[in-house]
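**Student:**
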Amino acid sequence: MPHVEIDGIRTAYEVIGSGPPLLMFSPGGFNAVRNNWSELGVYKRLSLLPALSERFRCIVFDRREAGESGGRVQRLDWRDLVAQGIGLLDRLGISRAHLMGGCVGCSIVARASVDHPSRVAGMVLYSPAGGPRYRMGQHRRFVQHLAFAAFEGLDGVVDHARATTESFSQDPRVGPWASVLRSDEEFAAAYRGLDPAWYEAVVTGTARVMFDRDTVPGVEPEDLLSLEDVPTLIVPGDDASHAPSAAQYLRECLPAARYWDAPVAEQTSTSAPQQILAALDEAQARRPADA
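This note's numbering applies: residue 1114 is where the sequence shown begins, and numbers increase by one.
1. Quick check: what's the CA-CA separation for R1129 versus E1279?
2. Looking at the secondary structure, which residues open and close the beta strand (DSSP E) in which P1134 lies?
3. What are the residues that DSSP puts in a beta bridge with I1347?
4. 9 Å is my cut-off, CB to CB: does A1263 come that close to chain D?
5. At the level of alpha carbons, what is the spacing between D1284 and R1254?
6. Distance check for E1299 and G1215, CA to CA, integer angstroms please.
7. On the criterion of 16 or more Cβ atoms from any shown chain inside 10 Å, does M1137 qualify as buried, or is it exposed?
8. By Cβ distance, which residues of its chain are closer than 6 Å to P1357, with the 5 residues on each side in sequence left out?
9. Can at least three beta-carbon pairs, one atom from the region 1325-1335 and one from the region 1219-1233, be found at a separation below 8 Å?
10. V1315 and R1188: beta carbons closer than 9 Å?
11. Which whole-angstrom value describes the C-beta separation of R1400 and A1234, a residue pair presumed to lie in contact below a C-beta threshold of 8 Å?
12. Let's test the definition: count the other Cβ atoms within 10 Å of the Cβ of D1175 and tell me whether it reaches 16, buried, or not, exposed.
13. Do you know offhand how far L1259's Cα is from V1195's?
14. Between which two residues does the alpha helix (DSSP H) harbouring T1328 extend?
15. For W1311 and L1267, what's the separation of their Cα atoms in angstroms?
16. Just mark S1220 as buried or exposed, buried being the case when its beta carbon has 16 or more other beta carbons within 10 Å.
17. Starting from V1316, follow its DSSP beta bridges and name the residues at the other end.
18. Since I believe L1201 is in contact with M1236 (beta carbons under 8 Å), could you give me their beta-carbon distance rounded to a whole number of angstroms?
19. Give me, in chain order, the residues of the same chain whose beta-carbon lies closer than 8 Å to that of R1364; leave out the 5 immediate sequence neighbours on both sides.
20. With 16 other CB atoms within 10 Å as the buried threshold, where does A1378 fall?
21. In angstroms with no decimal places, state the Cα-to-Cα distance between G1180 and I1207.
22. Quick check on this structure: which residue in Q1197, R1192, T1383 and H1273 has the alpha carbon closest to the alpha carbon of G1405?
23. In the DSSP assignment, find the alpha helix (DSSP H) that holds V1117 and state where it starts and stops.
24. Label R1248 either buried or exposed according to how many other C-beta atoms from any shown protein chain fall within 10 Å of its C-beta, with 16 as the threshold for buried.
Have a look at this one:
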């Protein structure tokens, strides 16, 4: 599997298909791996990747701290996740691409478009994560992890992570760096030796900065309102982590947005790729990505 180093962190990626580049920020929370586009929930049912890769050069990758990518213990924020995607474009020699996010990937795409508007030809925001229950669930997960770390120590976190295959979303005890603890002996050894008080501050700060609102996190509404030239397709979800209100919020804030007002049950393997491809074709005509 190809990989590149971006800011000292290994990034595992694949390029599927040909055509204008489409950088795809995976769904799946803290387990946002490239295979989720084909194997996770609604994305598996919709078979998006085969349809999109017939017309676009789909770039899928494991988010840092997930899958085969590496990580670093630090207070994470959305710009750290953006930096990985933009760095991957740089390493592939791509100056402008279409960006697509699923679930929490929508927040990264929106943040990337605000911070790097010249690099973004258009956005597809599929089932954006957000809503009050989403925020509450994220904060609960971090609290549960810190409680386990306080009781068992960081040695206990490493040992538990290595005894399971579950992600942070499935078992908060393993923490946000679980996949790297399992795959990198040097990382795990350094993690065991971290100062517990410093670690608590890092984890608490990550939760506070990344999940700070009851709608789509990651970018301020005033910044979204400035994206007048970035064509966007928004597709709503409908559950506790992908509240319809999150998609409606993006619809209200993004000036060049088109909203596909279809219930999740009516988003099918035929209709969903058609909607996305039509939106990408429109964006490509208005604001071309690299050939």
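The beta carbon of each residue, even a glycine, is placed where N, CA and C say it ideally should be.
Since we're looking at a predicted model, the values are computed, not measured.
**Tutor:** This is what the structure holds:
1. Before going further, note that residue 1129 is Ile rather than Arg in the sequence given. In this structure, the straight-line span from the alpha carbon of I1129 to that of E1279 is close to 27 Å.
2. P1134 to F1138
3. L1238 and Y1372
4. Going by chain labels, chain D is absent from the structure shown, which holds only one protein chain.
5. 8 Å
6. Rounded to the nearest angstrom, the gap between the Cα atoms of G1215 and E1299 is 32 Å.
7. Around the CB of M1137, 16 or more other CB atoms lie within 10 Å, so the residue is classed as buried.
8. P1349 and D1351
9. yes
10. yes
11. 5 Å
12. buried
13. 26 Å
14. Where T1328 is concerned, there is no enclosing alpha helix (DSSP H), given that its DSSP letter is neither H nor E.
15. Here the alpha carbon of W1311 sits roughly 12 Å from the alpha carbon of L1267.
16. buried
17. Beta-bridge pairing links V1316 to no other residue.
18. Not confirmed; about 17 Å, so no contact.
19. I1347, A1370 and Y1372
20. exposed
21. 24 Å
22. The structure shown does not extend to residue 1405, since the chain is modelled only from 1114 through 1404, so no value can be given for it.
23. V1117 -> not in any alpha helix (DSSP H); beta strand (DSSP E) instead, spanning H1116 to I1119.
24. By the 10 Å Cβ count, R1248 comes out buried.
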